[in-house]
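Novice: One structure is given below, represented as structure tokens, and several questions about it will come after.
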């Protein structure tokens, strides 16, 4: 717990310090995307890793946040420090409503019903042209005024720091949730639903709490994405985003706070480096995903943790030779 | 009245394909509990292979179909033995991620091999149309729907009237007891997966003889098949058929009378409503929820 906290603080500090060094536009863009995905993966991990329900509808909250921020910025001219929380709050409320309906289901049913919700929202964004401008999307989302005078690198750097702030908020809130009574209750539900109920834990309450917080954080990330790219289309509800998120969580190691951050870093770098392979890119990516599932089922963090446990056992057996004999 | 009949006729044709592809999925998802996201890719492979055997190898439609069935059966068997088997007892997450990886791999590799052009499978029927009670239906469509019906009947007979089918039913009722009775469960799982793959691929080839086979179709087919399986109830044979026809008809009527842009949304709304009020589906006899 203490190690995890210190490593998380170290990650945020390193991210802050990197901002002072990075000047290349492409590298900055990749760094911003890593941070953005780290926020998404961490918030999804709250549900997948700690409550133990596999959601394929997290893009619903990403899209709600992105569209809310975009609409507030273009129609009411709200500044960025207002639109991001607004996106988060709308997404959080969506999360509570969707969760209240869907969290009563488990297993494959939950997977498919969450996917259905995301698809319904995507098709709505596609067809409700009066509000969302349909497949054309909302373009020209306002940037903060002072950025107009600054160069492209400065603008990217500004968004980099906003993303670091967002990640810090995400990590802090996740940490507080996971190491609170509510977080422990959620883990109890994950490990054994019936035992948890027998000692007075209501599964729905804690699952809703985790989903609501995850949706809020994802919505803020969505708002950030809308401003950063300055365009929002129905794709934000789409399956590719969902895919990246879920792969990051599982590759990094679900149920750990550090895993999704690691996963976001690894998968974004993998995707960027696979650009070299052009058409073969997705084939290699698909094969890599299968390989991870088959050979590293608990993700990278699970792999590392097991190595540590094994070493601890080895040390223990050397210290007590009589128990071996 | 005239247009209504036409919509119904179109709905039945599309519904028959939904039913057939959902039949494949109801074996894999309903009985084996693998949330198979590569389902649509199996469908797509059926269409592509069908095109390849009929126009590249120069086989006639039925020999081509037989070849597709053999190849896809072997493929499904291998996928289960090499991939699915290794994550069978790890909950649904591992299976989902594995099949998503497989789907990405298959669709992109198919894209590299045959490109994005829609590929037409030459059907065995001469072009032409017949009028049924005022609605125009091409002969190719009637043939495809009839083949769907034959295939459904054949799978029903396989599951309910053969030794293999009895072994399948036993395994999914109680794997342990089935193994004690001398059934090789891993074999049965692979057979079921292969059967589901074959049924789906056949649907893909048949539909390619009416419309065309496209590499990018997979994702949409998977989603529609999930919708139908949930509608009909997990693992329910009749449910998949009725659910498929229901979805096809509703979409055709909605698209005809209300708004064509919103057609795809119906299935998902239906899924949400069904899962909230009747989570075991419309037609499932067992009132189970996972």
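Residue numbers (my numbering), protein chains in the order written: chain A, 1 to 325; chain B, 1001 to 1290. Beta carbons: idealized from backbone N, C-alpha and C, even for Gly.
Are at least three pairs of beta-carbons, each pair with one atom in the segment 196-210 of chain A and one in the segment 231-251 of chain A, less than 8 Å apart?
Specialist: no
Novice: Label residue 106 of chain A either buried or exposed according to how many other C-beta atoms from any shown protein chain fall within 10 Å of its C-beta, with 16 as the threshold for buried.
Specialist: On the first chain, residue 106 of chain A is found 106 positions in, with the first residue counted as 1. Classification of residue 106 of chain A: buried, given that the 10 Å Cβ count is 16 or more.
Novice: Does residue 130 of chain A come out as helix, strand or coil in the three-state DSSP assignment?
Specialist: On the first chain, residue 130 of chain A is found 130 positions in, with the first residue counted as 1. The answer is helix: DSSP assigns residue 130 of chain A an H, G or I state.
Novice: Would you mind reading off the limits of the beta strand (DSSP E) that contains residue 1129 of chain B?
Specialist: The sequence position of residue 1129 of chain B within the second chain is 129, counting from 1. Taken as a continuous stretch (DSSP letters only), the beta strand (DSSP E) holding residue 1129 of chain B covers 1129-1132.
Novice: For residue 2 of chain A, count neighbouring Cβ atoms within 10 angstroms of its own Cβ and tell me buried if that reaches 16, exposed if not.
Specialist: Numbered from 1 along the first chain, position 2 holds the residue referred to as residue 2 of chain A. So residue 2 of chain A ends up on the exposed side.
Novice: Please check if any C-beta of chain B sits within less than 8 Å of the C-beta of residue 306 of chain A.
Specialist: As a first step, residue 306 of chain A must be located in the first chain, where it is residue number 306. Chain B contact via Cβ: absent.
Novice: Starting from the C-beta of residue 74 of chain A, find all residues in its chain whose C-beta is less than 8 Å away, skip the five residues before and the five after it, and write them out in chain order.
Specialist: The count along the first chain starts at 1 and reaches residue 74 of chain A at position 74. If we look at residue 74 of chain A and ignore the five residues flanking it on each side, its Cβ neighbours are 138, 140, 141 and 142.
Novice: Looking at C-beta atoms only, is the number of pairs between the segment 1115-1133 of chain B and the segment 74-84 of chain A that lie closer than 8 Å three or more?
Specialist: In short, these stretches do not touch, since the Cβ pair count stays below three.
Novice: Rounded to a whole number of angstroms, what is the C-alpha to C-alpha distance between residue 1053 of chain B and residue 1212 of chain B?
Specialist: Taking the second chain and counting its residues from 1, one reaches residue 1053 of chain B at position 53. Taking the second chain and counting its residues from 1, one reaches residue 1212 of chain B at position 212. Whole-angstrom Cα-Cα distance: 15 Å.
Novice: Whole angstroms are fine: how far does the CA of residue 1192 of chain B sit from the CA of residue 1289 of chain B?
Specialist: Here residue 1289 of chain B refers to the residue found at position 289 when the second chain is read from its first residue. Here residue 1192 of chain B refers to the residue found at position 192 when the second chain is read from its first residue. Residue placement at residue 1289 of chain B is flagged as unreliable, the pLDDT there being 38, under the threshold of 50; the coordinate-derived value follows with that caveat. Their backbone Cα atoms lie some 22 Å apart in a straight line.
Novice: Of the choices A:172, A:50 and A:82, whose alpha-carbon is the least far from that of residue 12 of chain A?
Specialist: In the first chain, counting from the first residue as 1, residue 12 of chain A sits at position 12. The shortest C-alpha separation from residue 12 of chain A is found at A:172.
Novice: Quick one: measure Cβ to Cβ for residue 108 of chain A and residue 1094 of chain B, integer angstroms, because I've assumed they're closer than 8 Å.
Specialist: The count along the first chain starts at 1 and reaches residue 108 of chain A at position 108. The count along the second chain starts at 1 and reaches residue 1094 of chain B at position 94. In fact, because the Cβ distance is near 13 Å, the residues do not count as touching under 8 Å.
Novice: Tell me whether the segment 1033-1043 of chain B and the segment 1098-1107 of chain B touch, counting them as touching only if at least three CB pairs, one residue from each stretch, are closer than 8 Å.
Specialist: Cβ pair count under 8 Å is three or more, so yes.
Novice: Hey, residue 1225 of chain B and residue 1050 of chain B: beta-carbon distance below 8 Å or not?
Specialist: By one-based count along the second chain, residue 1225 of chain B stands at place 225. By one-based count along the second chain, residue 1050 of chain B stands at place 50. No, the Cβ-Cβ distance between residue 1225 of chain B and residue 1050 of chain B is not below 8 Å.
Novice: When you compare only the Cα positions, how much space is there between residue 225 of chain A and residue 19 of chain A?
Specialist: As a working mapping, residue 225 of chain A is identified with position 225 in the first chain. As a working mapping, residue 19 of chain A is identified with position 19 in the first chain. Computed Cα separation, rounded: 19 Å.
Novice: So, is the C-beta of residue 246 of chain A closer than 8 Å to a C-beta in chain B?
Specialist: Position 246 of the first chain holds residue 246 of chain A. Interface residue, yes.
Novice: What number of angstroms, rounded off, separates the C-alpha of residue 49 of chain A from the C-alpha of residue 256 of chain A?
Specialist: As a working mapping, residue 49 of chain A is identified with position 49 in the first chain. As a working mapping, residue 256 of chain A is identified with position 256 in the first chain. Each residue's Cα considered, the two are about 7 Å apart.
Novice: Quick one, which of A:65, A:279, A:258 and A:245 has its alpha-carbon nearest residue 268 of chain A's?
Specialist: By one-based count along the first chain, residue 268 of chain A stands at place 268. It is A:245.
Novice: Less than 8 Å separating the beta-carbons of residue 99 of chain A and residue 211 of chain A?
Specialist: Within the first chain, numbered from 1, the residue matching residue 99 of chain A stands at position 99. Within the first chain, numbered from 1, the residue matching residue 211 of chain A stands at position 211. Yes. Within cutoff.
Novice: Can you name, in chain order, every residue of its own chain whose Cβ lies under 7 Å from the Cβ of residue 47 of chain A, other than the five neighbours on each side?
Specialist: In the first chain, counting from the first residue as 1, residue 47 of chain A sits at position 47. Contacts found: 53, 55, 210, 211 and 214.
Novice: At what residues does the alpha helix (DSSP H) containing residue 1074 of chain B begin and finish?
Specialist: As a first step, residue 1074 of chain B is located in the second chain; it is residue number 74 there, counting from the start. Counting along the chain, the alpha helix (DSSP H) containing residue 1074 of chain B begins and ends at 1061-1082.
Novice: Taking Cβ to Cβ, would you say residue 43 of chain A is nearer than 8 Å to residue 170 of chain A?
Specialist: Taking the first residue of the first chain as 1, we reach residue 43 of chain A at position 43. Taking the first residue of the first chain as 1, we reach residue 170 of chain A at position 170. Yes, the Cβ-Cβ distance between residue 43 of chain A and residue 170 of chain A is below 8 Å.
Novice: Would you list, in chain order, the members of the segment 55-85 of chain A that have their beta-carbon closer than 7 Å to a beta-carbon of chain B?
Specialist: none
Novice: Cα-Cα, which of B:1127, B:1153, B:1043 and B:1026 is closest to residue 1139 of chain B?
Specialist: The residue labelled residue 1139 of chain B in the question sits at position 139 within the second chain. Nearest C-alpha to residue 1139 of chain B: B:1127.
Novice: Run through chain A and tell me which residues come within less than 9 Å of residue 1051 of chain B, C-beta to C-beta.
Specialist: Counted from its first residue, the second chain places residue 1051 of chain B at position 51. What residue 1051 of chain B touches in chain A: nothing, since even the nearest Cβ is about 21 Å away.
Novice: To the nearest angstrom, report how far apart residue 1248 of chain B and residue 1018 of chain B are at their CA atoms.
Specialist: Start at 1 with the first residue of the second chain, and residue 1248 of chain B comes out as number 248. Start at 1 with the first residue of the second chain, and residue 1018 of chain B comes out as number 18. Their backbone Cα atoms lie some 7 Å apart in a straight line.
Novice: Counting only beta-carbon separations shorter than 8 Å, does residue 144 of chain A have a partner in chain B?
Specialist: For the purposes of this step, residue 144 of chain A is identified with residue 144 of the first chain, where counting begins at 1. So, not an interface residue.
Novice: Tell me which same chain residues have a C-beta within less than 6 Å of the C-beta of residue 1014 of chain B, skipping the five on either side of it?
Specialist: Taking the first residue of the second chain as 1, we reach residue 1014 of chain B at position 14. The answer, listed in chain order, is 1248.
Novice: Within 10 Å of its beta-carbon, does residue 152 of chain A have 16 or more other beta-carbons around it, so buried, or fewer, so exposed?
Specialist: Translated into the one-based positions of the first chain, residue 152 of chain A becomes position 152. Exposed.
Novice: Does the segment 1064-1078 of chain B come within contact of the segment 1241-1257 of chain B, defined as at least 3 CB pairs closer than 8 Å?
Specialist: no
Novice: Are the C-beta atoms of residue 1124 of chain B and some chain A residue less than 8 Å apart?
Specialist: Sequence index remark: in the second chain, residue 1124 of chain B carries index 124 (1-based). It does not: the Cβ of residue 1124 of chain B has no partner Cβ on chain A nearer than 8 Å.
Novice: Interface residues of chain B around residue 187 of chain A at Cβ under 8 Å?
Specialist: As a first step, residue 187 of chain A must be located in the first chain, where it is residue number 187. Those within 8 Å of residue 187 of chain A in chain B number zero; the least Cβ separation is about 16 Å.
Novice: Starting from residue 1258 of chain B, trace the beta strand (DSSP E) in both directions and tell me its first and last residue.
Specialist: Indexing the second chain from 1 puts residue 1258 of chain B at position 258. Looking at the DSSP string, residue 1258 of chain B is not in any beta strand (DSSP E), and its letter there is neither H nor E.
Novice: Report yes or no: do the segment 80-97 of chain A and the segment 22-31 of chain A share at least 3 C-beta pairs separated by less than 8 Å?
Specialist: Touching, no.
Novice: Using a C-beta cutoff of 8 Å, does residue 93 of chain A count as contacting chain B?
Specialist: Locating residue 93 of chain A in the first chain gives position 93, where the first residue counts as 1. Chain B, which has no Cβ nearer than 8 Å to the Cβ of residue 93 of chain A, makes this no.
Novice: For the beta strand (DSSP E) containing residue 1162 of chain B, list its first residue and its last residue.
Specialist: Position 162 of the second chain holds residue 1162 of chain B. From DSSP, residue 1162 of chain B is part of no beta strand (DSSP E); its letter is neither H nor E.
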